[in-house]
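Engineer:
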Amino acid sequence: MQIFGVDIGGSGIKGAPVDLDRGDLAQERYKVLTPHPATPDAVADGVKEVVGHFGWSGPVGITFPGVVTGGATIRTAANVDKGWIDTDARALLGERLGGLPVTVLNDADAAGVAEMQFGAGRDRQGTVILLTFGTGIGSALFIDGDLVPNTELGHLELGGHEAEKRASTKVKEDQDLSWERWAHRVQKYLAHVEMLFSPELFIIGGGVSRKADKFLHLIEGIKAELVPAQLQNNAGIVGAAMRAAKAGG
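Numbering (this note's numbering), first residue to last: 204 to 452.
(1) Excluding the 5 residues flanking THR272 on each side, which residues of the same chain have their C-beta closer than 8 Å to its C-beta?
(2) Report the option in GLY264, ASP291 and ASP227 whose CA atom is closest to the CA atom of THR276.
(3) Any idea which residues DSSP pairs GLY409 with across the strands?
(4) Assign ILE407 to buried or exposed, taking buried as 16 or more other Cβ atoms, counted over all protein chains shown, within 10 Å of its Cβ.
(5) When you compare only the Cα positions, how much space is there between LEU419 and LYS449?
(6) What are the boundary residues of the beta strand (DSSP E) that includes PHE267?
(7) For PRO243, which of helix, strand or coil comes out of DSSP?
(8) Note down, in chain order, each residue of its chain lying with its Cβ closer than 8 Å to the Cβ of ILE422, except the 5 sequence neighbours on either side.
(9) State the start and end residues of the unbroken beta strand (DSSP E) segment that holds ILE218.
(10) For the beta strand (DSSP E) containing GLN205, list its first residue and its last residue.
(11) Name, in chain order, the residues that DSSP records as bridge partners for ALA345.
(12) Straight-line CA distance for ARG299 to ASN309?
(13) Starting from LYS234, trace the beta strand (DSSP E) in both directions and tell me its first and last residue.
(14) Kindly indicate the opening and closing residues of the alpha helix (DSSP H) around THR372.
(15) Taking SER381 and PHE336 to be in contact with their CB atoms under 8 Å, please state how far apart those CB atoms are, rounded to whole angstroms.
(16) Rank GLN230, SER412, ASP312 and VAL253 by C-alpha distance to the C-alpha of LEU356 and give the top, closest one.
(17) Buried or exposed for SER231, please, with buried defined as at least 16 other CB atoms from any protein chain shown within 10 angstroms of its CB.
(18) Just checking my contact of ALA427 with LEU404 at CB under 8 Å: how many whole Å lie between their CB atoms?
(19) Please list the terminal residues of the continuous alpha helix (DSSP H) segment that includes ASN389.
(20) So ALA443 and GLY226 are in contact, right, with Cβ under 8 Å, and what is the actual spacing, rounded?
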């Protein structure tokens, strides 16, 4: 079965049909740049372009980089325009897509759902935390395979700063940090999260997971197992499609 997934990020909006039997993209994904300012209407236009590129006419799962309640309402918007707050994203995006059935969820939660079903978290019990490093830091928390939604652990305070303002991939790029310096910041952040939740497994996701060989071995002193996401930066698209299929079932 195929369902369409869209991943809205701080820098790009990407999507593709997903083969839910394999947990992988059925076609090569299509991406457009996230508009700036990333207002609801402008982002909705980007989503429409991505979905329209494939001529898709079925259900669509869409991720959002913030807290999503009730599968519809946006509560936070750290890395997109604040006009999203209190927006009914399901209604807005469904209307923009010509009435297609739309499901909306937090972007890191979507990535986590995909990794737990098809990737690095498969068959893992206990406490598992997926962290996506990109424009910000997203998080997905699982207890014995069950998602605790909208954890937003990237906004934990660390050394007087929001963690994602110190250790996101964007910060690494903006401050031209070496892999060693950035890994040290990530290590401090992981130690803080580990102190709070004592997970058995950390899964490191986001686009930087493709370069795990450059930094994971530099992170020391973390008791939990530390692994890269297997679906890498496609995890959000896959998870969005999974949630849309579940909503339709």
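For every residue, glycine included, the Cβ atom is placed at its ideal position computed from N, Cα and C.
Structural biologist: Considering the structure as presented:
(1) ARG278 and ASN353, listed in sequence order.
(2) ASP291
(3) In DSSP, GLY409 forms no bridge with anything.
(4) buried
(5) 34 Å
(6) 263-267
(7) The three-state reading of DSSP puts PRO243 in helix, counting H, G and I together.
(8) ALA386, VAL389, GLN390, LEU393 and LEU429
(9) For clarity, residue 218 is Gly in the given sequence; the question names Ile instead. Its beta strand (DSSP E) spans residues 215-222.
(10) 205-211
(11) Ala is not the amino acid found at residue 345; the sequence shown has Phe there. According to DSSP, PHE345 bridges with VAL331 and LEU350.
(12) 20 Å
(13) 233-236 is the span of the beta strand (DSSP E), which, as asked, contains LYS234.
(14) Residues 372-377.
(15) At roughly 16 Å, the Cβ-Cβ gap does not stay under 8 Å, so SER381 and PHE336 are not in contact.
(16) ASP312
(17) A small fix is needed here, since residue 231 is Glu in this sequence, not Ser. Classification of GLU231: exposed, given that the 10 Å Cβ count is below 16.
(18) 6 Å
(19) It should be pointed out that residue 389 corresponds to Val in this sequence rather than to Asn. That run of the alpha helix (DSSP H) goes 382-400.
(20) Not quite, the Cβ-Cβ distance comes to about 12 Å (not below 8 Å), so this is no contact.
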